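Reading through the structure tokens given below for one structure.
Protein chains in written order, with our numbering: chain A, 1 to 306; chain B, 307 to 597; chain C, 598 to 922.
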């Protein structure tokens, strides 16, 4: 178990490092930062001066080390637009909103998706199964942004049951969370169903029945615990989808989270901000994947001992 | 020595009864592909040119609509139907390019990694793990911010994130057949590594790769649409479903057709290819996990 | 006649799908008494596993259906039982050992947990009493250092060990009837002998009736009191072991026995029964063995013979053997 943990942590760290290098290099490609800082009317002299001051005349590896150490200290530079606030501050401000949205969406997907998937598998061929599969198929085909727009149109505009945007009340959370959960919900239903079907045909399920266990124990204790394993692997893919979805949904519903921040940064070409957000989000993403891997080892004892 | 026969499947798919769903969706898929291919010849109007006195016309079945603009027009007076048709072209070209690029590179790297083993395997697999941990959207945002959105960058980004899937699968399949006797025979006969990989490994690995590709088309369409929706995908004025939805968003109350119709096109395309991919998967995959 | 522990009367179990009906078990009757071992022999697909699954009503749904007959256990008809009493019998009074030890244990729970579960389902034993009972069961099936083993996971054990654990699970609640479905088929030959010995000892200790399903006549000879031979969903001969070995009445049984090679006899070719068993979804008229039977006559092709007692306790489903009695 120790070895597995260590291996995964090392991999995670390497990933983050590599990503930071990519981000850094791309940053330097984006044009002379000094010119960006000073504007077009700066003289040659001024440019030289500032370049030297910011250490931008040093060789790249040195610059990168500076960049990295700053980042580790929490200094991600300053936003180019508006009040020129520190990037990290702006990021930290937006974390709670994104976190709330992501967690809500995941909860919805899991709370609805898993039971539907399990029932679908156990009552194969029934109406519930067919409906569940159709629903899952449709859910996977509709991009998050469209679901968001359509829901917004129908529920907020036509029926006025829920507000269209904003942040702060539970009501305002519902539509964005539901829209975001769309694709992952479909994926969870399908995966739970297929992995349950796989598991239910196993010999140990027969043995569980032979023991005289009640049907619900057979399904939930024995079958489902084995289905969890492929589900966990899927969670990783889910996270990627979630990330794309977060950016899109936050933009549509004007939800003040990291995704929206990223988009705003792109629209205004605020490079330090993009750099910071991307770095941060990558970090979160890698960390989340690591946690999933650890959960995986916990659930499947076969992994623990390799 | 036991001789194990090579496992190349004959190219034929057994004749099976086709359900009505399959027939319907295959037709839709075919129509989509044909639309994309024949776009310049079948559009009623130029998708990029519009007259301002025609702006914001509703679809022809609504009050105020004109039959010459079947799905209505947008804010610049451009015909929506023509833009949808060209949007199909855009989207499906991205799909085709990504599948070809990511598929080819990924498969080749996967086979090399699986067959050669050693350092090549380690390096390639680390790269694959790395790519799997990077979400496409962040890369897209980064690159778009620096270079501005473009078709080429879009294709590059999506290919970059997807090649790893092909590599992983190709490697797994290669490992499965690496130990089989027909490979040993080829080695004994003196075939070079490269030729073994190309002529013996590749044909046996192709089948699951094709299934993967079909199943991925849906993902590519959604990612492309999402990126374009955000403005970091295909740049205007090129007709693209994602950007159309984005443009139409603010008019949703007054001119619903601007974003609902392209959105519907996206959903239909994804649904069609997901379904066809599933069916293909069921038919061609060994029946171990299919129920 | 004394009451039997288990009496199967005209059991019919079919697999029903939209395109066909497979008559896997088509009118099977037999009985088993306390402390007795009944062997069920036959080729693959003859219905022996389906018969055993039917006793516990474990046929795979939705295709598997018991369409007729009675299964009387200690006087009750199992087929009429509702869910709760059925679950209490399973693992409690009737238990089963499956063929494949590799797949019989749940990979994510340790064996102490799985064995303990079997015990807690039928008794109220808990905590330290439970652990003691689990260790005791493992000792009975001769697993070394059981105290250490209870936290092991299935993948950490060998096939032979796993099959012993499965055995422990099956007898943990002292069943009156144990059904063993080819339990040694996937074990090494050396382990097989040990395992069979273990089963015999457990049977004596717990006074269990045993139904032993196998295709190996060697096992039949050493383990069974009586044998039922099945073919194409029906019992074609059932008799005490000696009668089967020394004067089998049904041509199929005779052919099966002939097919077993003997060490002392030098032969050039292995004897096999030519032809294939019939398809169970398109059962032809007449005796199902007649297409392959060396002694077939016209009556055989037209009419299915009934199971008839040809000498004491020895029944045969063959026109020819009826002539004998």
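Glycine residues also receive a C-beta, built at the ideal position from the N, C-alpha and C atoms. As the structure is a computational prediction, the values presented were derived from the model and not from experiment.
Looking at residue j and residue i, is the spacing between their C-beta atoms short of 8 Å?
{"i": "residue 536 of chain B", "j": "residue 251 of chain A", "result": "yes"}
{"i": "residue 664 of chain C", "j": "residue 878 of chain C", "result": "no"}
{"i": "residue 185 of chain A", "j": "residue 112 of chain A", "result": "yes"}
{"i": "residue 233 of chain A", "j": "residue 296 of chain A", "result": "yes"}
{"i": "residue 838 of chain C", "j": "residue 818 of chain C", "result": "yes"}
{"i": "residue 697 of chain C", "j": "residue 203 of chain A", "result": "yes"}
{"i": "residue 708 of chain C", "j": "residue 751 of chain C", "result": "yes"}
{"i": "residue 192 of chain A", "j": "residue 114 of chain A", "result": "yes"}
{"i": "residue 412 of chain B", "j": "residue 450 of chain B", "result": "no"}
{"i": "residue 826 of chain C", "j": "residue 833 of chain C", "result": "yes"}
{"i": "residue 122 of chain A", "j": "residue 13 of chain A", "result": "no"}
{"i": "residue 183 of chain A", "j": "residue 144 of chain A", "result": "yes"}
{"i": "residue 551 of chain B", "j": "residue 263 of chain A", "result": "no"}
{"i": "residue 272 of chain A", "j": "residue 78 of chain A", "result": "yes"}
{"i": "residue 464 of chain B", "j": "residue 526 of chain B", "result": "yes"}
{"i": "residue 293 of chain A", "j": "residue 705 of chain C", "result": "no"}
{"i": "residue 188 of chain A", "j": "residue 110 of chain A", "result": "yes"}
{"i": "residue 769 of chain C", "j": "residue 820 of chain C", "result": "no"}
{"i": "residue 99 of chain A", "j": "residue 441 of chain B", "result": "no"}
Does residue i come out as helix, strand or coil in the three-state DSSP assignment?
{"i": "residue 706 of chain C", "result": "coil"}
{"i": "residue 516 of chain B", "result": "helix"}
{"i": "residue 222 of chain A", "result": "helix"}
{"i": "residue 593 of chain B", "result": "Residue confidence is low: residue 593 of chain B scores 46 on pLDDT, short of 50, so the model does not pin down where it sits. Its coordinate-derived value is still stated next. Looking at residue 593 of chain B - three-state DSSP - the assignment turns out to be coil, as it is neither helix nor strand."}
{"i": "residue 307 of chain B", "result": "Legend: pLDDT at residue 307 of chain B = 35, less than 50; position of this residue unreliable, no value from coordinates given."}
{"i": "residue 21 of chain A", "result": "helix"}
{"i": "residue 561 of chain B", "result": "coil"}
{"i": "residue 691 of chain C", "result": "strand"}
{"i": "residue 777 of chain C", "result": "strand"}
{"i": "residue 662 of chain C", "result": "strand"}
{"i": "residue 316 of chain B", "result": "Summary for residue 316 of chain B: the model assigns pLDDT 45, below 50, so the residue's position carries little reliability, and this model does not support an answer."}
{"i": "residue 243 of chain A", "result": "helix"}
{"i": "residue 624 of chain C", "result": "strand"}
{"i": "residue 868 of chain C", "result": "coil"}
{"i": "residue 167 of chain A", "result": "coil"}
{"i": "residue 385 of chain B", "result": "strand"}
{"i": "residue 805 of chain C", "result": "coil"}
{"i": "residue 667 of chain C", "result": "strand"}
{"i": "residue 618 of chain C", "result": "strand"}
{"i": "residue 86 of chain A", "result": "strand"}
{"i": "residue 584 of chain B", "result": "helix"}
{"i": "residue 656 of chain C", "result": "coil"}
{"i": "residue 605 of chain C", "result": "strand"}
With DSSP as the reference, please indicate the residues paired to residue i in a beta bridge.
{"i": "residue 826 of chain C", "result": "C/638 and C/834"}
{"i": "residue 905 of chain C", "result": "C/913"}
{"i": "residue 811 of chain C", "result": "C/638"}
{"i": "residue 928 of chain C", "result": "No answer is possible for residue 928 of chain C: it lies beyond the span of chain C, which begins at 598 and ends at 922."}
{"i": "residue 570 of chain B", "result": "In DSSP, residue 570 of chain B forms no bridge with anything."}
{"i": "residue 612 of chain C", "result": "C/619 and C/661"}
{"i": "residue 798 of chain C", "result": "DSSP output for residue 798 of chain C lists no bridge partner at all."}
{"i": "residue 78 of chain A", "result": "A/86"}
Contact the segment 226 to 246 of chain A vs the segment 55 to 70 of chain A: 3+ CB pairs below 8 Å: By the criterion of at least three beta-carbon pairs nearer than 8 Å, the segment 226 to 246 of chain A is not in contact with the segment 55 to 70 of chain A.
Validate contact between the segment 892 to 911 of chain C and the segment 630 to 639 of chain C using beta carbons, cut 8 Å, 3 pairs: By the criterion of at least three beta-carbon pairs nearer than 8 Å, the segment 892 to 911 of chain C is not in contact with the segment 630 to 639 of chain C.
Given 8 Å, three or more beta-carbon pairs between the segment 680 to 695 of chain C and the segment 205 to 221 of chain A: As far as the Cβ criterion goes, the segment 680 to 695 of chain C touches the segment 205 to 221 of chain A, which means the pair count is three or higher.
Meets three-Cβ-pair contact criterion under 8 Å: the segment 763 to 777 of chain C and the segment 800 to 808 of chain C: The way I'd put it, the segment 763 to 777 of chain C does touch the segment 800 to 808 of chain C; three or more beta-carbon pairs between them come closer than 8 Å.
Segment contact, 8 Å Cβ cut-off, at least three pairs: the segment 324 to 333 of chain B with the segment 343 to 356 of chain B: Counting Cβ pairs under 8 Å, fewer than three are found: no touch.
Cβ contact check for the segment 384 to 391 of chain B and the segment 359 to 376 of chain B: 3 or more pairs under 8 Å: Counting Cβ pairs under 8 Å, three or more are found: they touch.
Meets three-Cβ-pair contact criterion under 8 Å: the segment 505 to 517 of chain B and the segment 431 to 444 of chain B: Flag = no, the segment 505 to 517 of chain B and the segment 431 to 444 of chain B do not touch.
Alpha helix (DSSP H) segments (min. 4 residues) lying fully within the segment 744 to 773 of chain C: With a minimum length of 4 residues, the unbroken runs of alpha helix (DSSP H) contained wholly in the segment 744 to 773 of chain C fall at 756 to 768.
Every unbroken alpha helix (DSSP H) within the segment 130 to 217 of chain A, with a cutoff of 4 residues, ordered by chain: Counting only runs of 4 or more, we get 144 to 151, 170 to 200 and 203 to 210.
The segment 539 to 547 of chain B / the segment 393 to 402 of chain B touching (three or more Cβ pairs under 8 Å): The segment 539 to 547 of chain B is in contact with the segment 393 to 402 of chain B.
Ordered list of alpha helix (DSSP H) runs contained in the segment 234 to 299 of chain A, each at least 4 residues: Qualifying alpha helix (DSSP H) stretches, in chain order: 258 to 267 and 271 to 299.
Any 3 or more C-beta pairs closer than 8 Å across the segment 760 to 768 of chain C and the segment 776 to 792 of chain C: Inter-segment contact for the segment 760 to 768 of chain C and the segment 776 to 792 of chain C is present: three or more beta-carbon pairs are separated by less than 8 Å.
Ordered list of alpha helix (DSSP H) runs contained in the segment 370 to 428 of chain B, each at least 4 residues: Counting only runs of 4 or more, we get 386 to 422.
Inter-stretch contact at 8 Å, needing at least 3 Cβ pairs: the segment 657 to 671 of chain C / the segment 604 to 619 of chain C: Using a Cβ-Cβ distance cut-off of 8 Å, the segment 657 to 671 of chain C and the segment 604 to 619 of chain C are in contact, since at least three pairs of beta carbons, one from each stretch, lie closer than that value.
Inter-stretch contact (C-beta, 8 Å, three-pair minimum) for the segment 221 to 235 of chain A and the segment 171 to 183 of chain A: Result no; under three Cβ-Cβ pairs closer than 8 Å.
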